[in-house]
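Comments concern the structure below.
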Amino acid sequence: MGAVEMDMFAKASKPIRYPWWKRWWRIYRFLRRQKRKRKQEERRKKQEKKDKQKAASQWRKKVRRRARRMAFKRWLRPKRKSAEEKAEAKRLKRIEKKARRRKRAILLKAIFNPKPKPAVVDYKKLEREILRQKEQAFLIYKRRRLRRFVFKRYRQIIWDWLRGKGLPPKRVTHKKRPNVLIQVLGKDNLVIMLNSLMAFLIAHYFITISSRMATSTAALLFDIQSILYNANVTYILEDGAWTSDAIKTIFSAGPVIALILALVSALIFSQVYKERGVLKLVLLWMVFIGLNNMVMGVLVGSLMGQNVGYVIMYSYFMDTDKMIVAIAMLALALLLGYISTRVWIHTANSYYTCSLSQNRLQFVIAQVLLPFLIGNGIIFLVTLPDFNLFDMVLNISLFAFLLPVLVTAKQQPDLHFEVEEEVNIRWRYKMFIFALVFIAAIRYALHIGIRFPLQL
Numbered sequence: 023m024g025a026v027e028m029d030m031f032a033k034a035s036k037p038i039r040y041p042w043w044k045r046w047w048r049i050y051r052f053l054r055r056q057k058r059k060r061k062q063e064e065r066r067k068k069q070e071k072k073d074k075q076k077a078a079s080q081w082r083k084k085v086r087r088r089a090r091r092m093a094f095k096r097w098l099r100p101k102r103k104s105a106e107e108k109a110e111a112k113r114l115k116r117i118e119k120k121a122r123r124r125k126r127a128i129l130l131k132a133i134f135n136p137k138p139k140p141a142v143v144d145y146k147k148l149e150r151e152i153l154r155q156k157e158q159a160f161l162i163y164k165r166r167r168l169r170r171f172v173f174k175r176y177r178q179i180i181w182d183w184l185r186g187k188g189l190p191p192k193r194v195t196h197k198k199r200p201n202v203l204i205q206v207l208g209k210d211n212l213v214i215m216l217n218s219l220m221a222f223l224i225a226h227y228f229i230t231i232s233s234r235m236a237t238s239t240a241a242l243l244f245d246i247q248s249i250l251y252n253a254n255v256t257y258i259l260e261d262g263a264w265t266s267d268a269i270k271t272i273f274s275a276g277p278v279i280a281l282i283l284a285l286v287s288a289l290i291f292s293q294v295y296k297e298r299g300v301l302k303l304v305l306l307w308m309v310f311i312g313l314n315n316m317v318m319g320v321l322v323g324s325l326m327g328q329n330v331g332y333v334i335m336y337s338y339f340m341d342t343d344k345m346i347v348a349i350a351m352l353a354l355a356l357l358l359g360y361i362s363t364r365v366w367i368h369t370a371n372s373y374y375t376c377s378l379s380q381n382r383l384q385f386v387i388a389q390v391l392l393p394f395l396i397g398n399g400i401i402f403l404v405t406l407p408d409f410n411l412f413d414m415v416l417n418i419s420l421f422a423f424l425l426p427v428l429v430t431a432k433q434q435p436d437l438h439f440e441v442e443e444e445v446n447i448r449w450r451y452k453m454f455i456f457a458l459v460f461i462a463a464i465r466y467a468l469h470i471g472i473r474f475p476l477q478l
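Yeah, the sequence shown ends on 478 if you go by our numbering, and it's all consecutive.
In structure tokens, the structure reads:
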């Protein structure tokens, strides 16, 4: 076995011999492979170099693009600040804003509100203020004492009744006060009533004439001529002129103008209500007469089917809707009257330095109720021999605004007015003469008739 293996090994280790051409062929093949490898290596290195150059170029482009983007962002968007920097910037901005506002306020104050002169102490006004404060403190003390006395007295009465002593006998200790109407008929209250009556008549005729002229002007928009008379407005109609739109426009123009005049008068009155003059009563009566023409005009018109009622009829309201509108208007009138109670009481500053609850009913009757009643009577007499039931009912319906004033006036707190001069109650004869001339001129012009369009 061992001899055979050795023989095989000897055969395998024998050198291989090639012919000469085969050797050259092998050398040629080797050189060609080497040349191919060198070319592949050169191609690979060249490709690697190109890839590196491309990657470097792309990187440079990316860096430049990123730099441009960052520069663009810095240009458009400010640099992001930290929370502390933001808080500090906000604080500085607030300080600058406050400083600018303070400079502006100082400048405006220097221009429009110069340094006032040293105030002159009005000792009379100061004494009146001290007296008013003492009176107020005494009233509070008196009410507290009265409540304590009533509580103790009723406690004693109940305790005696439980012990079987019965109720105490009725005693009349107070003196009978004079009748309110007798107090109203006093000299001062008659002067107050007369001044308020003149203001009522001036306001009534001004609102009424303005409302009727607005109605006639609205009729001209539909080529309808009209004539204003003492008690009504006569329309000269052509065939087909009385349309639904014409009716609603014409009969709603008057109340709307009355409402506008009432609002303007309320605005002016709010600026002069502290003044002592009585001309502000004209503005106050204009407010309520204008509101009455609008609010109660809807109520009376819907119930009687006249004037503003035509607007409701041609708006195709059902009976239920008309009743709801009427109730709403009545509630609104009562509410406005209740709100105005303090305003009517404040008109006493034209005659008194204060308004106390024990004397307030006489003043309200003289200032509000009697001018309303007597004024409506005068309006009725001036209107004769013509008569318009709708206008008369509308004038009387103003009582819905005045009723809450009469009912709640006494429950209002006492008022003390800042009056610098001595207040005296006197008759304003100039307003009386103006009212007579104004009413006479209107009565004469309406008796003849004012034609629209006006013909000069």
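For glycine and all other residues, C-beta sits at the position ideal for the given N, C-alpha and C.
Source: prediction; values computed, not measured.
Just the C-alpha distance for residue i and residue j, rounded to the nearest angstrom, thanks.
i    : j    : result
A370 : H469 : 38 Å
P435 : Y373 : 18 Å
I269 : S377 : 48 Å
I455 : I461 : 10 Å
V347 : P475 : 34 Å
Y50  : A89  : 58 Å
S79  : Q69  : 15 Å
L424 : Q389 : 11 Å
L184 : F173 : 17 Å
M28  : K71  : Below a pLDDT of 50, predicted positions are generally treated as unreliable, and M28, at 46, falls in that range; the measurement from the model is reported next regardless. For M28 and K71, the distance between alpha carbons rounds to 57 Å.
A353 : M318 : 10 Å
P393 : I401 : 12 Å
P191 : M453 : 56 Å
N329 : V304 : 26 Å
L148 : R166 : 27 Å
L289 : L114 : 45 Å
F160 : R150 : 15 Å
K84  : R91  : 10 Å
R96  : A121 : 31 Å
A463 : L283 : 21 Å
R60  : K67  : 10 Å
K108 : A280 : 60 Å
V278 : I117 : 53 Å
L395 : Q293 : 28 Å
A275 : V320 : 13 Å
When DSSP builds the beta bridges, which residues end up paired with residue i?
i    : result
T256 : I249
S377 : L437
According to DSSP, simplified to helix, strand and coil, what is residue i?
i    : result
F474 : strand
L428 : helix
S362 : coil
L437 : strand
I447 : coil
P407 : coil
Y338 : coil
P41  : coil
N329 : coil
R298 : coil
K59  : helix
K187 : coil
S22  : There is simply no residue 22 to check, as the chain begins at 23 and stops at 478 in what is shown.
L354 : helix
L468 : helix
I98  : Residue identity check: residue 98 is Leu in the sequence provided, not Ile. Here L98 sits in helix by DSSP.
L420 : coil
Quick one: does residue i have its CB under 8 Å from some CB of chain D?
i    : result
A355 : The chain labelled as chain D is not found in the depicted structure, where only one protein chain is given.
Following the continuous alpha helix (DSSP H) through residue i, name the residue where it begins and the one where it ends.
i    : result
Q214 : First, the amino acid is wrong: residue 214 is Ile here, not Gln. Its alpha helix (DSSP H) spans residues 209–242.
V304 : 302–326
V479 : The structure shown does not extend to residue 479, since the chain is modelled only from 23 through 478, so no value can be given for it.
A370 : No alpha helix (DSSP H) holds A370; DSSP gives it neither H nor E.
L153 : 145–184
T271 : 266–294
K112 : 105–134
Using C-beta distances below 6 Å, list every residue in its chain close to residue i, excluding the 5 sequence neighbours before and after it, in chain order.
i    : result
V300 : N217, S372, R450
I447 : D210, V213, Y373
G471 : I249, Y251
For residue i, which residues in the same chain have their Cβ closer than 7 Å to its Cβ, ignoring the five residues on either side in sequence?
i    : result
T430 : Y360, T363
R340 : Per the sequence shown, residue 340 should be read as Met rather than Arg. Contacts found: none.
A457 : M220, L223, I224
A355 : V317, M318, A422, F423
A32  : Confidence at A32 is low in this model, with a pLDDT of 49, below 50, so its placement is unreliable and the value that follows should be read with caution. So no residue of the chain qualifies.
V427 : G359, S362, T363, W366, V386, V390
F409 : A253
N381 : none
Using C-beta distances below 8 Å, list every residue in its chain close to residue i, excluding the 5 sequence neighbours before and after it, in chain order.
i    : result
R48  : Y40
M335 : G327
I418 : N398
F412 : V322, G323, M326, Q328, N329
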